[in-house]
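Q: Before anything else, here's the structure in question.
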Amino acid sequence: MTNQNRGDMGTEDAETIREIVQGIAVARIQCRRETKLGRYEQAAETLSKAQQLYKELVATADLENNIHCSIVRNRRSDLGTMVAEVESCRLKHETEKVRHARRKAQGRSRT
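Take the working numbering: the final residue in the sequence shown is number 118, and no numbers are missing along the way.
Right under this line is the structure:
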């Protein structure tokens, strides 16, 4: 089904898509900020929200429309970047926990 067949729904869908894309952009900025500050839990929560918005985008977009396909593809790329940033933050977080535990264990063994 194309936008021509849907009449006024095209305008409503365009507004919905715009709002979703803006929401994903805000989530990406928040996620990047949280990962740089080492806040893994908050970054993961923001990523989850962005993934939900992406699902809404896919459900709303007319995948026969080349512009919509491009928007969906670009947001999927953004999500991939966010996933990598959050995973990197998680690994750093886990590494710090292990280092802290080792230091604590070494401190106990010296006394």
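Ideal Cβ placement from N, Cα and C applies to all residues, glycine included.
1) Let me check understanding here. Comparing Cα to Cα, which of I27, A32 and E92 lies closest to K43?
2) By a C-beta neighbour count over all protein chains shown, 10 Å radius and 16 as the cutoff for buried, is A66 buried or exposed?
3) If you draw a straight line from the C-alpha of I31 to the C-alpha of L70, how long is it?
4) In this structure, how does DSSP classify E26 when only helix, strand and coil are distinguished?
5) Taking C-alpha atoms, which residue in Q37, L54 and Y61 lies nearest to E26?
6) From the DSSP output, in three-state form, read off L70 for me.
7) Check whether the Cβ atoms of A21 and C96 sit closer than 8 Å, and answer yes or no.
8) How many angstroms separate the CA atom of H48 from the CA atom of R39?
9) Among the candidates R82, I74, K111 and L86, whose CA atom is the shortest distance from the CA of V28?
A: The structure says:
1) Residue E92 is the option with its Cα nearest to K43.
2) A66 counts as exposed, since fewer than 16 other C-beta atoms from the protein chains shown sit within 10 angstroms of its C-beta.
3) Rounded to whole angstroms, I31 to L70 spans 19 Å at the Cα level.
4) It is helical.
5) Taking only the C-alpha atoms, the option nearest E26 is Y61.
6) The three-state reading of DSSP puts L70 in coil, since its state is none of H, G, I, E or B.
7) Not a contact, by the Cβ cut-off of 8 Å.
8) A small correction: the amino acid at residue 48 is Glu; His does not occupy that position in the sequence shown. E48 and R39: Cα-Cα distance of roughly 13 Å.
9) For V28, the nearest C-alpha among the options comes from R82.
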